[in-house]
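Chemist: One structure is given below, represented as structure tokens, and several questions about it will come after.
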Amino acid sequence: MEKQCKKCGKKLDNDFSDYCLDCLKFSYSALVKEKQVKKGNLVLESCNKEEVTLIVLANIILAVGIIASIIFTFIMAYDKYGDIRTDGLIITIATLLSSIATWAILLCIAKTSKNIREIRNK
């Protein structure tokens, strides 16, 4: 007795599978699409309103800090003759590093809050 696919009824040429290759491909692609949809919504659904606010605020601070650093580079780091001013360069680097540090701290707080809530709900 030949083995048949449990989904479509085609004859199978192997003994180790219960489904034909076409059914497996369709099932796998549907599963991948379903997981992608869940993963896309998972970030927003798994976070509270406060955590989402922290993440958005962190991203805004990072973007503004990078833009400000670029502007400060042209305004403060060089004088009118094109020479590098050390105080302007220090302010530019400090602005960039402080925005990166603030971004990292806010993301860390948001992720810690999410993890604590998940542990508490288990």
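Start counting the sequence shown at 61; every next residue gets the next number (the numbering used here).
Yeah, the Cβ is synthetic: ideal placement off N, Cα and C, and Gly gets one too.
Every value quoted in this text rests on a predicted model; they were computed, and no experiment measured them.
Buried or exposed: where does Ser89 fall if 16 or more other Cβ atoms within 10 Å of its Cβ makes it buried?
Modeler: Residue mapping note: residue 89 aligns to position 29 of the sequence shown, counting from 1. Exposed: under 16 other Cβ atoms inside 10 Å.
Chemist: Counting C-beta neighbours from all protein chains within 10 Å, is the total for Gly125 16 or more, i.e. buried, or is it exposed?
Modeler: Against the sequence shown, residue 125 aligns to sequence position 65. With 16 or more Cβ atoms within 10 Å of its Cβ, Gly125 is classed as buried.
Chemist: Say the cut is 7 Å; is the CB of Lys70 nearer than that to a heavy atom of the ligand ZN?
Modeler: Ligands displayed in this structure: none; no statement on the ligand ZN is therefore possible.
Chemist: Considering Cα atoms alone, identify which of Asn181, Ile131 and Leu167 is closest to Val112.
Modeler: Here the question's residue 112 lines up with position 52 in the sequence shown. If we check each option's Cα against that of Val112, Leu167 comes out closest.
Chemist: Find out if the Cβ-Cβ distance for the pair Thr162, Ile121 is shorter than 8 Å.
Modeler: Counting from 1 along the sequence shown, the entry for residue 162 is found at position 102. Counting from 1 along the sequence shown, the entry for residue 121 is found at position 61. Going by C-beta atoms, Thr162 is nearer than 8 Å to Ile121.
Chemist: What is the rounded straight-line gap between the Cα of Leu117 and the Cα of Lys140?
Modeler: In the sequence shown, residue 117 corresponds to position 57, counting from 1. In the sequence shown, residue 140 corresponds to position 80, counting from 1. Distance between the alpha carbons of Leu117 and Lys140 is about 36 Å.
Chemist: Take Ile160 as the anchor and find which of Asn119, Asp73, Asp82 and Gln64 has the nearest alpha-carbon.
Modeler: For this step, residue 160 is matched to residue 100 along the sequence shown. Taking only the C-alpha atoms, the option nearest Ile160 is Asn119.
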